[in-house]
Structures are given as structure tokens and as C-alpha cells.
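**Q** To convert, take the position in the sequence shown, counting from 1, and add 245; that gives the numbering used here. The beta-carbon is built from N, C-alpha and C at its ideal position, and this holds for glycine as well. Sending over a structure as C-alpha cells; questions will come in a sec.
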Amino acid sequence: MRSSLAPGIWFLRAFSRDSKYRAFILLITFLIYTCYHMSRKPISVVKSRLHHNCSEVIQPVNSTHSLNDTTWCNWAPFDKSNYKELLGAVDNAFLVAYAIGMFISGIFGERLPLRYYLTAGMLLSGLFTSLFGLGYFWNIHVLWYFVLVQIFNGLVQTTGWPAVVSCVGNWFGKGKRGLIMGIWNSHTSVGNILGSLLAGVWVDQQWGLSFVVPGVITAIMGVITFFFLIEYPEDVDCSPPQHHGNPEESQDQPEDPANGPSCNKESSLESAVTCSKEASAQPSAISFFGALRIPGVVEFSLCLLFAKLVSYTFLYWLPLYISNVVHFTAKEAGDLSTLFDVGGIIGGILAGLVSDYINGRATTCCVMLILAAPMMFLYNHVGQRGIGISIVMLLICGALVNGPYALITTAVSADLGTHKSLKGNAKALSTVTAIIDGTGSIGAALGPLLAGLISPTGWNNVFYMLIAADVLACLLLCRLVYKEILAWKSSLSKDRGYREM
């Protein structure tokens with residue numbers, strides 16, 4: 246007697262070949278950028294171990310330090326009174342290099358094979374992340390070593406974002422892009438959570454492993470990328486996505502020399518492969534200034550500058566803030582700070598879902614930014630009154646702060662990179678993504694730097710700075726929000742006209 250078809254196989258057969266490949270691309274790019282972000286996070290957890298209150302730590306019996314030494318448990322050169330400025334310099338070495346490198350990275354991303362580009366980037370990211378941790382085992386106490394490692398790490402980390410967004414944009418059309426990319430973009434928060442948890446395992450014993458382990462995992466993922474990443478649907482004979490218009494119209498259109506020849510599904514395998522190669526060879530990569538002229542690129546780029554300033558200040562300083570204000574250990578502060586990233590996952594998915602439903606990316610971002618300002622104020626003043634309140638506030642703040650950031654860096658970047666003004670040339674994805682994220686990375690560099698300079702005057706002032714940046718991000722989207730409202734009104738009036746007819 247033969248059994249019925251296994252439920253798992255029945256489930257798999259329900260999906261088309263194209264759907265399976267698209268799911269695979271989402272999964273592998275998700276894992277790629279999870280590793281990139283995982284390797285960035287340990288520094289924020291280890292900060293409170295590099296310098297903390299030695300009076301709270303019991304000196305080992307075999308210690309060579311005197312009992313009057315108040316900095317015996319700190320790691321030089323971060324054992325001095327200006328440790329916040331030194332830690333800020335280490336942060337900014339990475340972030341400034343990342344911001345500068347991002348503008349260049351997009352140009353390379355348009356012209357080099359994405360698979361090779363990502364593989365090299367991940368191997369080098371793993372190397373430089375590990376080198377920071379090896380400073381512990383090599384007993385290095387020179388500031389320039391940590392700064393140089395961070396500079397090189399910042400540069401090679403720029404290979405990640407434009408390339409993965411470009412790859413996903415090659416496979417997915419605009420239809421449900423907000424929701425799909427909202428879920429997919431949780432890799433940022435998942436990476437932060439994994440980075441915090443991994444760093445927390447070794448931070449109190451051998452903090453060097455907090456960097457070495459994520460670095461090795463990132464390098465291994467780079468090897469997997471080399472063997473399995475598929476850049477274009479045409480490479481495996483899948484149908485390319487429709488970025489604009491409807492499929493029927495695009496098939497009936499005559500051949501356009503600017504866009505390359507169109508491919509017919511009924512053609513033979515040989516002609517399809519030849520056709521896809523010709524099509525991919527035709528469009529030239531867009532210039533930097535050409536990408537800036539795409540409507541919405543400048544506004545969203547400047548908005549992301551301030552949104553990322555807020556997000557990265559939390560990313561780099563939240564564990565230290567929790568440690569200083571609530572007096573948690575480095576591990577406890579790192580673990581609690583992951584709730585901000587859990588909220589970020591929820592916020593990214595909600596932002597994508599809502600923006601798809603209302604067809605308004607700018608409006609969704611603006612509303613979330615407006616709500617984030619009072620929530621940050623409340624978290625600073627009442628968030629530390631109990632563990633329950635702190636958990637709830639961190640989740641809400643994470644959702645409202647990271648929601649707009651996630652939407653702009655994913656769905657908005659992909660929308661603008663395949664904008665109708667490009668007339669079918671999809672070779673703008675990496676450049677547009679690099680411009681938007683590169684501008685945002687300037688804010689990412691400024692935020693932790695300002696936090697390091699302002700925090701000695703009190704944490705209240707740091708939060709006032711974050712609220713001001715949040716409001717500015719919101720104001721920069723006003724013109725686009727107005728245009729979206731006009732589009733909704735026009736759509737409603739058309740619907741009413743059809744009903745009356």
C-alpha cells in the first residue's frame with residue numbers, strides 16, 4: 246500500500262520554480278547582512294568592559310596592581326578620565342570611514358559582479374573584526390591600533406548594503422516590496438541581537454573573543470556567498486520582475502534600443518539565455534549626479550541622515566547608558582539593549598506593511614518619526630523606574646526609531662533605484678542605495694560622536710539632541726508627504742467619478 250504524498254513535499258510543490266528561487270535569494274541575502282551587522286555590534290557591549298567602576302570588581306589574588314589603583318580593571322588606553330572621548334574616536338573611525346566609503350561602494354557595486362564583491366567584502370570584514378579582538382590576546386594598549394582597524398573595517402563593510410539591496414531589487418518588483426523588505430530588513434536587528442548575545446558570552450572573561458567569534462562567522466558566510474549567491478533571475482532562467490506598468494503592456498511594446506531587446510517566455514532556452522545576456526549588457530550604470538536627479542533621492546537621503554543619527558546613537562551607546570543609569574553589569578546591559586532591536590524588527594515590518602497598504606512611504610516615515618520624539622523623552626525620564634517599564638519602552642522606541650530607517654534603506658531605496666524616470670534601466674540600484682545610505686552614514690558617524698561629547702554634561706542632553714534630530718528628519722519629508730496626500734485626493738476623486746458614471 247502506497248502512502249499519500251508527504252505534506253512537506255505537497256507544500257513545496259505549491260510554489261513555482263521562480264518563487265523558490267526568490268525565497269532562496271531572500272534567505273541568503275538576509276543571512277549575509279545579518280553577519281555584517283553582527284560583526285559591528287560587539288564594540289557597544291565591550292565598551293562597558295574596557296572602562297568601568299573597578300570598586301565594584303573584586304581584585305584577583307595574584308593581581309600585581311596596588312589596592313589604591315582605581316583603574317586596575319580597565320583596558321588601557323581607555324583607563325583614563327577621557328575614556329568617553331577615546332571610545333567615541335574608535336566609534337567614529339569606523340563610522341566616518343563607512344560614510345565616505347559608502348559613496349564609492351555604490352559605484353563599484355554597479356560595475357563589479359555582486360557575488361565576488363560581497364564575498365571579498367565579507368572575508369575582509371571578518372578579518373578586521375577579528376583583528377580588533379586579537380588586540381586583547383596580543384596585549385595591545387595603543388589607541389591607533391584600534392582606530393586603524395576600525396577605519397579599514399568601516400571601508401570594507403560598505404560592500405554589504407548596496408550589493409544586497411541591488412540583488413534583492415533584481416529579483417523583486419514593486420508590488421509588495423514594502424512588506425517583503427520590511428520583513429527582510431529585520432536582518433539588521435537580528436544581527437544586532439546576535440552580536441550583543443555573542444559578545445555578552447565572553448565580555449567579562451575574554452572580551453577579545455567577543456570580536457573574534459563574530460568575525461569568523463562573517464568570513465564563513467562570505468565563502469557560502471561565493472558558492473550560492475545568484476545575482477539575476479535570468480542567470481537561472483527565471484522571469485525578471487516587473488518594476489513598473491503591467492506585464493501585458495510590456496510584452497506588447499516594440500523593442501527599445503535604450504532598454505535592450507525584450508524576451509518572450511515562449512522562446513527557446515538558447516534564445517532566452519542569449520536575450521538575457523544582451524539585455525543585461527545594454528543598460529549603462531547611472532552616474533552619481535544622475536542618481537541625485539531622481540525625484541525623492543535628496544529628501545530621503547537627508548531624512549535618513551538624521552534618522553540614522555538617532556538609531557546609531559542607540560546602537561553604540563544604549564548598553565553604556567543602561568549600565569551607567571541602572572548600574573547593570575556589562576552582560577546584563579547588553580542583553581537588555583537587544584530589546585531595542587526586537588522593537589526594530591516589529592517597526593520595520595509594520596512600516597513596510599502600512600506603506601504598501603496606503604501607498605505612502607514618506608507619510609509612514611513621517612508619522613513614526615513624530616511618535617518617536619515623545620517616546621524617547623518618556624524613556625529617558627520614566628524608562629528606568631522598573632524592569633517592566635524599561636522593557637516596554639525599549640520595544641516601542643525601537644519600533645518607532647528603526648521603522649523609518651528600515652523603510653528608507655530598503656523599500657524606498659529599491660523604489661527609487663527602479664524609478665520610472667530611469668526608463669527601464671535597473672543599473673541605478675546600487676548607486677541610489679549607496680547615496681541614500683552613505684548620506685545616512687554621515688548621521689551615523691555624527692550621532693555617537695555627539696553622544697560622546699555631550700554625555701559628560703548629562704544623559705538628558707543626549708536625549709534632547711536625539712529628539713531634535715528626529716524632528717528635523719520629519720520636517721525634511723514634508724514636501725513628499727504633501728505630494729502623497731495630493732495623489733490620494735486625486736485617486737479618491739477619480740474613484741468617485743467612476744462611481745457616478
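Should residue 596 and residue 643 be called a contact, given that it needs their Cβ atoms to be closer than 7 Å?
**A** No.
**Q** From residue 508 to residue 480, what distance separates their C-alpha atoms?
**A** With a pLDDT of 40 at residue 508, under the threshold of 50, the predicted position of this residue should be treated as unreliable, though the coordinate-derived value follows. Roughly 14 Å separates the two Cα atoms.
**Q** I need the straight-line Cα distance from residue 333 to residue 464, nearest angstrom please.
**A** Whole-angstrom Cα-Cα distance: 27 Å.
**Q** In the structure shown, what three-state DSSP assignment does residue 413 receive?
**A** If DSSP states are grouped into helix, strand and coil, residue 413 belongs with the helices.
**Q** Beta-carbon within less than 6 Å of residue 415's beta-carbon, same chain only, minus the 5 sequence neighbours each way: which residues are those?
**A** If we look at residue 415 and ignore the five residues flanking it on each side, its Cβ neighbours are 477.
**Q** Going by C-alpha to C-alpha distance, which of 461, 436, 682 sits closest to residue 348?
**A** Comparing Cα-Cα distances from residue 348 to each of 461, 436, 682, the minimum goes to 682.
**Q** Closest to residue 714 by CA distance: which of 622, 702, 655, 660 is it?
**A** Minimum Cα distance to residue 714 is reached at 622.
**Q** What does the Cβ neighbour count give for residue 534, buried or exposed, with the cut at 16 atoms within 10 Å?
**A** Per the 10 Å Cβ criterion, exposed.
**Q** Which ranges would you report for the beta strand (DSSP E) in the stretch 644–731 if only whole runs of at least 3 residues count?
**A** Correct list: empty.
**Q** In whole angstroms, what is the alpha-carbon distance linking residue 618 and residue 587?
**A** Rounded to the nearest angstrom, the two C-alpha atoms are 19 Å apart.
**Q** With DSSP run on the structure shown, which of helix, strand or coil describes residue 735?
**A** Of the three classes helix, strand and coil, the one that applies to residue 735 here is helix, per DSSP.
**Q** What residues in its chain sit with their C-beta under 6 Å from that of residue 516, if we drop five residues either side in the sequence?
**A** For residue 516, the pLDDT reaches just 42, beneath the cut-off of 50, and the residue's location in the model is therefore unreliable, although a value from the coordinates is still provided. Excluding residues within five positions, none has a Cβ falling inside 6 Å.
**Q** Taking the straight line between their C-alpha atoms, what separation do you get for residue 738 and residue 598?
**A** Rounded to whole angstroms, residue 738 to residue 598 spans 25 Å at the Cα level.
**Q** Mind reading off the beta-carbon distance from residue 445 to residue 580? Whole number of angstroms is fine, and I expect it under 8 Å.
**A** Indeed they touch by this definition, with Cβ atoms about 6 Å apart.
**Q** Since I believe residue 557 is in contact with residue 693 (beta carbons under 8 Å), could you give me their beta-carbon distance rounded to a whole number of angstroms?
**A** That pair is a contact at about 6 Å.
**Q** Have a look at 474, 389, 456, 433 and flag the residue whose alpha-carbon is nearest the alpha-carbon of residue 377.
**A** For residue 377, the nearest C-alpha among the options comes from 456.
**Q** Grab me the residues of residue 411's own chain with a C-beta within less than 7 Å of its C-beta, minus the 5 sequence neighbours each way, in chain order.
**A** These residues qualify, in order along the chain: 354, 359, 674, 675, 678.
**Q** So, residue 653 versus residue 431, is the Cβ gap smaller than 7 Å?
**A** For residue 653 and residue 431, no; Cβs fall outside 7 Å.
**Q** If you draw a straight line from the alpha carbon of residue 542 to that of residue 578, how long is it in whole angstroms?
**A** Their backbone Cα atoms lie some 37 Å apart in a straight line.
**Q** Thinking just about the alpha-carbon of each residue, which of 684, 657, 709, 703 is nearest to the one in residue 413?
**A** Answer by Cα proximity: 657.
**Q** Please state whether the Cβ-Cβ distance between residue 680 and residue 546 is less than 7 Å.
**A** Against a cut-off of 7 Å, the Cβ pair of residue 546 and residue 680 comes out as a contact.
**Q** Any contact between the stretch 274–293 and the stretch 563–573? By contact I mean 3 or more CB pairs, one from each, below 8 Å.
**A** Yes: the two stretches touch, three or more of their Cβ pairs being nearer than 8 Å.
**Q** For the alpha helix (DSSP H) holding residue 291, just list the boundary residues, first then last.
**A** 287–295 is the extent of the alpha helix (DSSP H) around residue 291.
**Q** Can you confirm whether residue 694, when its beta carbon is compared against all beta carbons of chain D, has any partner nearer than 7 Å?
**A** Checking the listed chains, one finds no chain D in this structure; it contains a single protein chain.
**Q** Could you tell me if residue 470 is buried or exposed, where buried requires 16 or more neighbouring beta carbons within 10 angstroms of its beta carbon?
**A** Buried: at least 16 other Cβ atoms inside 10 Å.
**Q** For residue 480, does the three-state DSSP call read helix, strand or coil?
**A** Note: residue 480 maps to helix in three-state DSSP.
**Q** Put residue 264 into one of helix, strand or coil per three-state DSSP.
**A** Correct three-state label for residue 264: helix.
**Q** Confirm, please, whether the CB-CB distance from residue 584 to residue 639 is below 7 Å.
**A** Contact: yes.
**Q** Alpha carbon to alpha carbon, how far is residue 441 from residue 726? Give it in angstroms, no decimals.
**A** Taking the straight line from one Cα to the other gives about 36 Å.
**Q** State the DSSP-derived secondary structure class of residue 474, mapped to helix, strand or coil.
**A** Three-state DSSP puts residue 474 in coil, outside helix and strand.
**Q** DSSP three-state call for residue 259: helix, strand or coil?
**A** Looking at residue 259 - three-state DSSP - the assignment turns out to be coil, as it is neither helix nor strand.
**Q** What is the DSSP secondary structure of residue 407, counted as helix, strand or coil?
**A** DSSP places residue 407 in helix when its eight states are reduced to three.
**Q** For the candidate residues 351, 466, 267, whose alpha-carbon lies nearest to that of residue 537?
**A** The residue with the shortest Cα to Cα distance from residue 537 is 351.
**Q** Can you tell me which of the three DSSP states residue 553 falls into?
**A** Correct three-state label for residue 553: helix.
**Q** Let me know the secondary structure DSSP gives residue 623 once reduced to three states.
**A** In this structure, residue 623 counts as helix in the three-state DSSP scheme.
**Q** Using the C-alpha atoms, what's the distance from residue 689 back to residue 325?
**A** So the two alpha carbons sit approximately 26 Å from each other.
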